Amino acid sequence: QYHVTTITIPCQYHVNILCHNLSDLWWEQLWEEIGEVDENYAPIHTYQVCKVMEHNQNNWLQTNLIVTEGAQRVFVELQFTLRDCNSLPGGVGTCKETFNMYYYESNDEEGRNIRESHYSKVDTIAADESFTELDLGDRVMKLNTEVRDLGPLTKKGFYLAFQDLGACIALVSVRVFYKRCPSVVKNLAQFQDTITGSDSSQLLEVAGSCVNNSVAEDLPRMHCSAEGEWLVPIGKCVCQVGFEELNGSCQECRLGFFRSVLQNPTCSKCPPHSFTRVQGATSCSCEEGYYKTDTDPPNMACTRPPSAPRNAISNVNETSVFLEWAVPEETGGRKDVRYNIRCRKISVDSRRYEECGSAVRFLPQRSGLRDNSVMVVDLLAHTNYTFEVEAINGVSELTNPGRQFVSLNVTTNQAVSVVRKGKSGKNSISLSWQKPDRPNGIILEYEIKYFEKDQETSYTIIKSKETEILADALKPSSVYIFQIRARTSAGYGGFSRRFEFETSPYLAASSDQSQVPIVAVGITVAVILLALVTGFLLSGRRCGYSKAKQDPDEEKMHFHNGHIKFPGVRTYIDPHTYEDPNQAVHEFTQEIDVSCITIERVIGAGEFGEVCSGPLRLTGKREFPVAIKTLKAGYSEQQRRDFLGEASIMGQFDHPNIIHLEGVVTKSKPVMIITEFMENGSLDTFLKKNDGQFTVIQLVGMLRGIASGMKYLSDMGYVHRDLAARNILVNSNLVCKVSDFGLSRVLEDDAEAAYTTRGGKIPIRWTAPEAIAFRKFTSASDVWSYGIVMWEVMSYGERPYWEMSNQDVIKAVEDSYRLPGPMDCPAALYHLMMDCWQKDRNSRPKFEEIVSLLDKLIRNPSSLKALVNSSHRSDSEPEGSGHQSVGEWLEGIKMGRYNELFMETGYTSLEVVILPHLLLYG
């Protein structure tokens, strides 16, 4: 027999927990509802049973159906008091200090007839503290609290039941609740109320939904733990374009701001020359006169077409012209500036210009030029041309402001047309001529080429600044061919037509006196032949570059002061001559505010500190990358002067093949030098990384750029002293620029001027012998270094003289040893290297001549086909095969005047010349 009393438990919400508070109970016989007050005298209801005087107690108390509301795991919190059996009077029948809790799942709200056997036992509940009669007198309530959980639950609800088997107990409170993760917004995603799972270790994955003008970047998810806490957020929502996240919600971009891509976290200010008309903009509109292409990034400033190119110059050489110009003063804010060339020539009637036509060639191309120079070939002689160099960029096609170009008028050189013979003797002829009517500039000198008739492969060239000359050392009774051409600041004109003049015959009286015994002639021929063959073997196989014989006096006159100085050329000023070096820095450089510079990464180390790169943002100009040299902390005043001295030097140069100085930072620390950024770094490293990847023409183009830069320095009266591939920088367009002026010094305006060092290191492998021996540096010593740079380029960055020690290099060079030609090097280039390495510095070519020669090679690629040390030459092929005849070979080694002597003594072919060497040395 058992007694059941039903407890009705209404529900209320409390924080995250659904609570059930004990209130109204039905009791039948054995459980009694009693109203009391707690220690604070607040009224409470309890259900009590205390049938300890009787045996065999089985008293039940049952709740109404408790609806689970979908919860699979619920908690029951019991608060009760229990009397200590030892405090009861004697004669107690059965006294317990525990009671049992049961539950029963059901979908039925009528649970009155549930049998005891249907219930599932939850636990036997024991009291931690019990009270005694004394406690009752003092109104001390020793309340016990126990919590038990039920689950997993699968039905609509459940009943709770409490079984008393003979205890003195008062049930004060029964709370039934479950746990849930509350609704929350995180990462712009809404997560709804979620009831925890049935397992205490279970995590429920819950998908969120994006709110407030946001979209899912990655599906937002979180996990609800058994304790009602949100854990492990995955994914998120981001504000859609035109909005940005502020204070946990998406708000429209303000006027003047935009957001075009989800990857940008916030709205960006409209770039220069653009604006927005509404809030929530996804792009900015360009101001009037400014444009954007479809491929321009949204954060790029609106740009406009460039202005016309500046300072266009021409260099005429016979029927070719080399055009060069400076970049536009205003590039429109873009880097993609290109150039188009328009060519027109005067018509036959000399009244109007007409297009040049397809016969004229442009090297490398006519339109879309990246570099600011072009070679135009195959022009007509003695013709007036107009060239228009137009600058365009990516937005030029979006507007029609008219063509932005600079115009040059060019006249191809006119040849000397009238040549007269003056007095002549048996060994000489005097000539005079008239100046050309239209010489295309001031005539600087004349070049006279002559040779014996039918012996054109052996010729002599002399130079004169006058319109007359005496050609001597000629053969009596012989006909000679003469050709004359003039040189102006624009270059050489064409040779005149051929003029034939004859020397006087032998006189009878002098004939006998001038006869040389046949034996003596034979001995002389043998000695000369042996000397020539020996010289040929020692010097190595020289290449096809030919430097004609020149009269020493004429050469001295022509190259007075080491180079020709043209009117208007700037002169370099040595910063070290300033009493206050800071004055030179102020005069030659521009101060840049440090806030305009951002250092992003370290790209190297210099003598004074780290070399970094980063963007430079100047007012009114588009951001562009620069290289940043920094002066390390703890520097001395002398180190600061030396560091900024290089900037004072660079600031005086303005040439496309000299590294450009942007400015300096001296008013804050660290002190910095800001230069243009060269993407491909130093030339030696760049060549090593790209071994064998370039054409010969590309390599020659690099060498031409270096020579052009050095010609500019030489014309300014400046000596570099440390010209090497490591000090040449290369940009993304393969343009080479001379850099590193730390060792450079001024060259005084004197034919013998030189800079004498006060000790210090000298780059032995790149330095001319006279500079090593006497520490005297000239432009001629820079030419020697240029020859080494040529060798580095053609060998793709190989170390000059390989693993030889510096002392071995000095001794070998002094003993006339020269670097051999690199593998597959064109003979013309190796010949130029050898001329740069002449021991007599006055015999070395000038940078002006080097530029001119390289231009000729570029215009005539077939001249680069003859190779030294060819990787494809047969072992049986004669070493002299780079030359086609004895005369050409003699000309190549500057012995062309001996051609006739070789012919007379039977040396008529290269095989005959080389045979004695083969027999003698095997």
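Going by the working numbering, the first residue of the sequence shown is number 885, and it counts up by one from there. Glycine included, every Cβ here is placed at the ideal spot set by N, Cα and C. From a predicted model like this one, the values you see are computed outputs, not experimental measurements.
Residue from the options with nearest C-alpha to residue i
| i | options | result |
| --- | --- | --- |
| F1061 | C1052, A1051, M1707 and G1041 | G1041 |
| Y1456 | E1521, V1693 and H1604 | H1604 |
| K1005 | F983, D1012 and E993 | F983 |
| H1544 | F1570, I1612, T1482 and G1601 | I1612 |
| S1242 | S1257, R1226 and G1252 | R1226 |
| E989 | A1045, T965 and A1750 | A1045 |
| I1476 | L1716, K1307, V1548 and W944 | V1548 |
| I1053 | R967, Y986, I1656 and G1216 | R967 |
| Q941 | V1145, Q1147, C979 and H1157 | C979 |
| V1244 | I1079, V1735, Y1269 and L1751 | Y1269 |
| V1145 | M1562, E1101 and L1618 | E1101 |
| H1539 | E1136, N1148 and I1197 | I1197 |
| K1310 | Q946, P1360, P1248 and S1301 | P1360 |
| Y986 | D1012, N970, W944 and R1218 | W944 |
| K1229 | L1247, K1660 and N1293 | N1293 |
| T947 | P1193, L972, A1210 and R1059 | R1059 |
| S1348 | T1482, T1341, Y1330 and F1246 | Y1330 |
| V1221 | Q1163, T1267, E1281 and Y1237 | E1281 |
| T1662 | F1731, S1616 and E1698 | F1731 |
| S1380 | K1305, S1342, V1300 and R1371 | V1300 |
| S1001 | G1585, V1069, Q1047 and K935 | Q1047 |
| F1142 | G1132, N1131 and R1161 | R1161 |
| Y1237 | V1555, K1219, A1210 and T1267 | T1267 |
| K1307 | N1564, I1353 and R1683 | I1353 |
Cut-off 8 angstroms between Cβ atoms - residues of its own chain near residue i, not counting five sequence neighbours on either side
| i | result |
| --- | --- |
| A1107 | Residue 1107 is actually His in this sequence, not Ala. Taken in chain order, the residues that qualify are L1087, L1088, E1089, V1090, W1114, L1115 and V1116. |
| V1495 | V1486, I1487, G1488, A1489, A1511, I1512, K1513 and T1514 |
| Y1364 | I1313, Y1334, F1335, E1336, K1337, A1355, L1358, E1384, F1385, E1386 and T1387 |
| K1572 | Y1680 and G1681 |
| V1619 | D1255, P1540, N1541 and G1589 |
Sequence-distant residues of the same chain with beta carbon closer than 6 angstroms to residue i, five excluded per side
| i | result |
| --- | --- |
| G1118 | Inspection of the sequence shows that residue 1118 is occupied by Ile rather than by Gly. Excluding sequence neighbours, I1118 sits near R1105. |
| E1129 | C1123 |
| S1257 | E1208 |
| D1759 | Unreliable placement is indicated for D1759, whose pLDDT of 40 sits below 50; the coordinate value is still reported in the next sentence. If we look at D1759 and ignore the five residues flanking it on each side, it has no Cβ neighbours. |
| Y1429 | Residue confidence is low: Y1429 scores 34 on pLDDT, short of 50, so the model does not pin down where it sits. No coordinate-derived value is stated. |
| E1274 | N1224, R1287 and F1289 |
Proximity below 7 angstroms, CB of residue i to CB of residue j
| i | j | result |
| --- | --- | --- |
| F1527 | F1492 | yes |
| N1541 | G1601 | no |
| K1120 | N1183 | no |
| W915 | Y931 | yes |
| S1098 | C1134 | yes |
| I1734 | N1690 | no |
| G1216 | P1181 | no |
| S1520 | A1468 | no |
| T1078 | K1063 | no |
| W1650 | S1669 | yes |
| E1747 | L1741 | Inspection of the sequence shows that residue 1747 is occupied by Ser rather than by Glu. For S1747 and L1741, yes; Cβs fall inside 7 angstroms. |
| T1177 | G1112 | no |
| T1016 | S971 | yes |
Chain-order list of residues whose beta-carbon lies under 7 angstroms from that of residue i (same chain, five-residue window excluded)
| i | result |
| --- | --- |
| M1678 | L1583, P1706, C1709 and L1713 |
| S1552 | V1478 |
| F1561 | S1497, P1509, V1510 and A1511 |
| L1027 | Q963, T965 and V1056 |
| A1192 | P1212, A1275, Q1288, F1289 and V1290 |
| S1592 | N1541 and V1735 |
Three Cβ pairs or more, each shorter than 8 angstroms: is that satisfied between the stretch 1498-1507 and the stretch 1576-1588?
These segments do not touch.
Would you check if there are 3 or more beta carbon pairs closer than 8 angstroms linking the stretch 1201-1211 to the stretch 1250-1265?
With the cut-off at 8 angstroms, the stretch 1201-1211 and the stretch 1250-1265 touch.
Completely contained beta strand (DSSP E) runs for the stretch 990-1073, where each covers 3 or more residues:
Runs found: 1004-1010, 1028-1034, 1041-1048, 1052-1061 and 1068-1070.
Count the CB pairs spanning the stretch 948-956 and the stretch 1030-1045 that are closer than 8 angstroms, and state whether there are at least three.
Yes, since at least three Cβ pairs between the stretch 948-956 and the stretch 1030-1045 fall closer than 8 angstroms, the two stretches touch.
Taking only runs of the alpha helix (DSSP H) that begin and end inside the stretch 1699-1749, which ones reach a length of at least 4 residues, in chain order?
1711-1720 and 1731-1743
In chain order, which continuous runs of the beta strand (DSSP E) of length 3 or greater are located wholly inside the stretch 1162-1246?
1194-1201, 1204-1210, 1222-1230 and 1237-1239
Tell me the start and end of each unbroken beta strand (DSSP E) in the stretch 918-946 that is at least 3 residues and wholly inside, in chain order.
Runs of the beta strand (DSSP E) inside the stretch 918-946: 927-934.
Report the start-end ranges of each beta strand (DSSP E) in the stretch 1541-1609 that is 3 residues or longer and not cut off at the edges.
Entirely contained in the stretch 1541-1609, the beta strand (DSSP E) runs reaching 3 residues are, in chain order, 1545-1549 and 1556-1560.
Which runs of the alpha helix (DSSP H) fall wholly inside the stretch 1499-1536 and span at least 4 residues, in chain order?
1521-1534
Within the stretch 1087-1116, ranges of the beta strand (DSSP E) (whole runs, at least 3 residues)
1088-1091 and 1098-1108
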